[in-house]
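In the working numbering, the protein residues as written are 265 to 468. Note that beta-carbon positions come from the ideal geometry of N, C-alpha and C, so glycine has one too. Remember, it's a predicted structure, so these values are computed and weren't measured experimentally. Notes to accompany the following structure.
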Amino acid sequence: MQVDITAWLKNREFSLKRLEEHRREGRVDQDILELLDAINSLEYAFTTSSCSGRIQIYEAREPGDKFGLRTLVKWHNLIEYPQLEPILEEGLNLWLAVLPPILHINTCSLRAAYHVLGLLKESGFKRAGIISVSRDGVVIEALGTERMEMPLKLEGRLVVKKELLPLIVERANSLLMRSKVRISKLREVILNEAPGGMDNLCGE
265 MQVDITAWLK NREFSLKRLE EHRREGRVDQ DILELLDAIN SLEYAFTTSS CSGRIQIYEA
325 REPGDKFGLR TLVKWHNLIE YPQLEPILEE GLNLWLAVLP PILHINTCSL RAAYHVLGLL
385 KESGFKRAGI ISVSRDGVVI EALGTERMEM PLKLEGRLVV KKELLPLIVE RANSLLMRSK
445 VRISKLREVI LNEAPGGMDN LCGE
């Protein structure tokens, strides 16, 4: 299926304007802004929903329960153990999760999508692929591999010794930092990319 370039360009303009609005409102993850700007500087691609990775504490009976999950706190930057202590007093079933970066990139053609996938793989995003092909564009989803999920509290009882919590925080921070490094590397790869114009990559 061939992308409708006129519609794609309108969607691109709308998405970039919305990103600027969210930036002004402080609703964009600061650690990913420079990467988003780099991707959006490409004539053949634009970003939609994206996240640089985060540490999250949530309440749920089962890990990842989307319908029963209640997020208590999330951080996009490194944390310290004292930030964790008051949260442990809340809820019955608490889980700590380190979630990897996630990027959604809309490209103007399959050729452009395969090109972007090459840049992602070069930067270490091994879990990247095309998730949608339509007249509105070819959409790529890319996920980092830096993920951890574990229970802290079940049925109101801590299941981790308190003396081990600083070590868990250290490991969570290490994973999050790896996410930031991966994002930085992708930005460098894109900035070093020779400009590929619409005529080069937006034709099937």
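For residue 370, list the residues DSSP reports as bridge partners. For the purposes of this step, residue 370 is taken as the residue at position 106 of the sequence shown. Bridge pairing for residue 370: 310 and 403 [DSSP].
Can you tell me which of 370, 436 and 348 puts its alpha carbon nearest to the alpha carbon of residue 272? Looking up residue 272 in the sequence shown gives position 8. If we check each option's Cα against that of residue 272, 370 comes out closest.
Let me check understanding here. Comparing Cα to Cα, which of 307, 430 and 300 lies closest to residue 360? As a working note, residue 360 is residue 96 in the sequence shown. Among 307, 430 and 300, the Cα nearest to that of residue 360 belongs to 430.
Around the C-beta of residue 311, are 16 or more other C-beta atoms found within 10 angstroms, so that it is buried, or is it exposed? For the purposes of this step, residue 311 is taken as residue 47 along the sequence shown, with counting starting at 1. It is buried - the Cβ of residue 311 has at least 16 other Cβ atoms within 10 Å.
Would residue 377 and residue 391 qualify as a contact pair, given that the criterion is a beta-carbon distance under 8 angstroms? Start at 1 with the first residue of the sequence shown, and residue 377 comes out as number 113. Start at 1 with the first residue of the sequence shown, and residue 391 comes out as number 127. No, the pair does not count as a contact, with Cβ atoms beyond the cut-off.
Between residue 326 and residue 355, which are expected to be in contact by the criterion C-beta below 8 angstroms, what is the C-beta distance as a whole number of angstroms? As a working mapping, residue 326 is identified with position 62 in the sequence shown. As a working mapping, residue 355 is identified with position 91 in the sequence shown. Not really, about 14 angstroms apart at Cβ, beyond 8 angstroms.
Cβ pair count under 8 angstroms reaching 3, the region 277-289 against the region 435-442: With a cut-off of 8 angstroms, the region 435-442 and the region 277-289 do not count as touching, because too few Cβ pairs lie within range.
N-terminal and C-terminal residue of the alpha helix (DSSP H) that residue 409 is part of: The residue given as residue 409 occupies position 145 in the sequence shown. Premise fails: residue 409 is in no alpha helix (DSSP H) and is neither H nor E.
Report, in whole angstroms, the separation of the C-beta atoms of residue 317 and residue 408, which I expect to be a contact under 8 angstroms. If you number the sequence shown from 1, residue 317 lands on position 53. If you number the sequence shown from 1, residue 408 lands on position 144. About 6 angstroms separates the two Cβ atoms, so the contact holds.
Going by DSSP, which residues form a beta bridge with residue 315? As a position in the sequence shown, residue 315 is number 51, starting the count at 1. When beta bridges are read from the DSSP output, residue 315 appears opposite 366.
Do you know whose CA, among 401, 343 and 447, lies nearest residue 279's CA? By 1-based counting over the sequence shown, the position of residue 279 is 15. Ranking 401, 343 and 447 by Cα distance to residue 279 puts 401 first.
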